[in-house]
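Participant: The structure's right below; bear with me while I get my questions together.
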Amino acid sequence: MKLIYFAWLRARIGCAEEEIDLPPGVKDVAGLLDWLRSRSSGYAEALRDLSVVRVAVNQSYVGLEHPVREGDEIAVFPPVTGG
Amino acid sequence: MIRVQREDFDVGAELERLSAGNSRIGGVASFIGLVRDMGGDDRVSALTLEHYPGMTEKKLAEIETEAHRRWPLDAVLIIHRYGRLVPGDRIVLVATASPHREAALAACQFLIDWLKTDAPFWKSEETPAGERWVVSRAEDEAAKRRWTTDPK
Chain A
1 MKLIYFAWLR ARIGCAEEEI DLPPGVKDVA GLLDWLRSRS SGYAEALRDL
51 SVVRVAVNQS YVGLEHPVRE GDEIAVFPPV TGG
Chain U
84 MIRVQREDFD VGAELERLSA GNSRIGGVAS FIGLVRDMGG DDRVSALTLE
134 HYPGMTEKKL AEIETEAHRR WPLDAVLIIH RYGRLVPGDR IVLVATASPH
184 REAALAACQF LIDWLKTDAP FWKSEETPAG ERWVVSRAED EAAKRRWTTD
234 PK
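Here the protein sequences come in this chain order: A and U. If you're matching positions, the first sequence starts at 1 in the numbering used here and goes up one per residue. If you're matching positions, the second sequence starts at 84 in the numbering used here and goes up one per residue.
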């Protein structure tokens, strides 16, 4: 699956996008974020406060309970500030 | 019509094109968003807009479709820029055309309110204290909510 990060989440994680295999046991967005937090202190810090984290799966906004699958494009970013 | 671009746009030419050749249109409403020179108490010398290519166009198209579903519109135009901009630069143009003003004005406000909370853009400001990411405003969520409780 492809993971994409934007704005300060990208800066804190230190990478704009990456390809990963679906981690064993990960079934939904909440599980994926837990798994990411366990990877390093950079991820843990960036994803500490989920009230300022939004997730899109295949370019649609989703909640933490949304399933994730191999082949998905999953974007993680702060609340938007355009316009 | 949706356009996401780095380049500036000519407001007069865009608005003229929106109603050209359609004499059913009786009103064109528009909103233009500009770069301010202040962010909170700090002077802003520039800002950089980043977006999520692909999802940006998809969300803007959804918002446009929703506006057409709610109001009798003959034309909708959304142009949003990305990249580095300085105070006074244009960021966004939303324009709507309809036989009557009520629909054009309401749809224009609806579109900018929804764009603010749904379109995946992020601003980073250059200030004397350094570069910082703009934080989303609760007022923007409230502005969008009025359209979900009172759709007309």
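Beta carbons are placed, not taken as given, at the ideal position from N, Cα and C, and that holds for glycine.
List the endpoints of the continuous alpha helix (DSSP H) containing Arg37 (chain A).
Facilitator: On the first sequence, position 37 is the one that residue 37 (chain A) refers to. Looking at the DSSP string, the run of the alpha helix (DSSP H) that includes Arg37 (chain A) is 29-37.
Participant: Going along the region 10-29 of chain A in order, which residues come within less than 9 Å of chain U, judged by CB to CB distance?
Facilitator: Cβ contacts with chain U come from Arg10, Ala11.
Participant: Excluding five sequence neighbours on each side, which residues of the same chain lie with their C-beta closer than 7 Å to the C-beta of Trp8 (chain A)?
Facilitator: For the purposes of this step, residue 8 (chain A) is taken as the residue at position 8 of the first sequence. Cβ within range, chain order: Pro78.
Participant: Under 8 Å between C-beta atoms, does Thr200 (chain U) make it to chain A?
Facilitator: Here residue 200 (chain U) is taken as the residue at index 117 of the second sequence, counted from 1. Yes, because at least one Cβ of chain A sits closer than 8 Å to the Cβ of Thr200 (chain U).
Participant: Beta carbon of Asp172 (chain U), beta carbon of Leu132 (chain U): below 8 Å?
Facilitator: Here residue 172 (chain U) corresponds to residue number 89 of the second sequence, with the count starting at 1. Here residue 132 (chain U) corresponds to residue number 49 of the second sequence, with the count starting at 1. Against a cut-off of 8 Å, the Cβ pair of Leu132 (chain U) and Asp172 (chain U) comes out as no contact.
Participant: Using a C-beta cutoff of 8 Å, does Val80 (chain A) count as contacting chain U?
Facilitator: Here residue 80 (chain A) refers to the residue found at position 80 when the first sequence is read from its first residue. So yes, Val80 (chain A) belongs to the interface.
Participant: Taking 8 Å as the cut-off, does the region 123-143 of chain U touch the region 165-183 of chain U (at least 3 CB pairs, one atom from each stretch)?
Facilitator: Yes, the region 165-183 of chain U is in contact with the region 123-143 of chain U.
Participant: Which stretch, first to last residue, makes up the beta strand (DSSP E) that contains Arg86 (chain U)?
Facilitator: For this step, residue 86 (chain U) is matched to residue 3 along the second sequence. Arg86 (chain U) -> beta strand (DSSP E) spans 85-88.
Participant: Check the Cβ-Cβ distances between Ala56 (chain A) and every residue of chain U, and say whether any is below 8 Å.
Facilitator: The count along the first sequence starts at 1 and reaches residue 56 (chain A) at position 56. Judged by the 8 Å Cβ criterion, Ala56 (chain A) is in contact with chain U.
Participant: For chain U, check one thing: does any of its Cβ atoms lie closer than 8 Å to the Cβ of Ser63 (chain A)?
Facilitator: Residue mapping note: residue 63 (chain A) aligns to position 63 of the first sequence, counting from 1. According to the sequence provided, residue 63 (chain A) is Gly. The question's Ser does not apply to it. Chain U, which has no Cβ nearer than 8 Å to the Cβ of Gly63 (chain A), makes this no.
Participant: Counting beta carbon pairs with one atom in the region 27-45 of chain A and one in the region 104-116 of chain U, are three or more of them shorter than 8 Å?
Facilitator: Segments in contact, no.
Participant: Please report how far the alpha carbon of Glu90 (chain U) lies from the alpha carbon of Val175 (chain U), in whole angstroms.
Facilitator: Taking the first residue of the second sequence as position 1, residue 90 (chain U) is located at position 7. Taking the first residue of the second sequence as position 1, residue 175 (chain U) is located at position 92. Glu90 (chain U) and Val175 (chain U): Cα-Cα distance of roughly 11 Å.
Participant: Helix, strand or coil for Phe193 (chain U) per DSSP?
Facilitator: In the second sequence, the residue the question calls residue 193 (chain U) occupies position 110. Phe193 (chain U) falls in the helix class under three-state DSSP.
Participant: If we ignore side chains and look at the alpha-carbon of each, how far apart do Asp21 (chain A) and Asp72 (chain A) end up?
Facilitator: The sequence position of residue 21 (chain A) within the first sequence is 21, counting from 1. The sequence position of residue 72 (chain A) within the first sequence is 72, counting from 1. So the two alpha carbons sit approximately 10 Å from each other.
Participant: I'd like to know if the region 9-19 of chain A and the region 42-59 of chain A are in contact, where contact means that at least 3 CB-CB pairs between them fall below 8 Å.
Facilitator: Judged by Cβ distances under 8 Å, the region 9-19 of chain A makes contact with the region 42-59 of chain A, as three or more pairs qualify.
Participant: Lys142 (chain U): which of A:Leu50, A:Glu18, A:Gly82 sits nearest, CA to CA?
Facilitator: Mapped onto the second sequence, residue 142 (chain U) falls at position 59. For the residues A:Leu50, A:Glu18, A:Gly82, the minimum Cα distance to Lys142 (chain U) belongs to A:Gly82.
Participant: Quick check on this structure: which residue in U:Phe204, U:Thr139, U:Met138, U:Leu160 has the alpha carbon closest to the alpha carbon of Val80 (chain A)?
Facilitator: Within the first sequence, the letter at position 80 stands for residue 80 (chain A). Here the closest residue by C-alpha is U:Phe204.
Participant: Taking Cβ positions only, does Trp35 (chain A) come closer than 8 Å to chain U?
Facilitator: For this step, residue 35 (chain A) is matched to residue 35 along the first sequence. Answer no: the Cβ-Cβ gap between Trp35 (chain A) and chain U never drops below 8 Å.
Participant: Would you kindly work out how many angstroms separate the C-alpha atoms of Asp124 (chain U) and Val169 (chain U), rounded to a whole number?
Facilitator: Translated into positions along the second sequence, residue 124 (chain U) becomes position 41. Translated into positions along the second sequence, residue 169 (chain U) becomes position 86. So the alpha carbons of these two residues sit roughly 17 Å apart.
Participant: Measuring CA to CA, which of U:Arg229, U:Pro211, U:Ala226, U:Glu224 is closest to Asn121 (chain U)?
Facilitator: By 1-based counting over the second sequence, the position of residue 121 (chain U) is 38. Before going on, a small fix: residue 121 (chain U) reads as Met here, not Asn. Of U:Arg229, U:Pro211, U:Ala226, U:Glu224, the residue nearest in Cα terms is U:Pro211.
Participant: Applying a beta-carbon distance threshold of less than 8 Å, which residues of chain U neighbour Ala7 (chain A)?
Facilitator: Taking the first sequence and counting its residues from 1, one reaches residue 7 (chain A) at position 7. Ordered by position in chain U, the residues that pass the 8 Å Cβ test against Ala7 (chain A) are Glu133, Trp205, Ser207, Trp216.
Participant: Just to confirm the assignment, what range does the alpha helix (DSSP H) spanning Ala11 (chain A) have?
Facilitator: Your numbering for residue 11 (chain A) matches position 11 in the first sequence. Looking at the DSSP string, the run of the alpha helix (DSSP H) that includes Ala11 (chain A) is 7-13.
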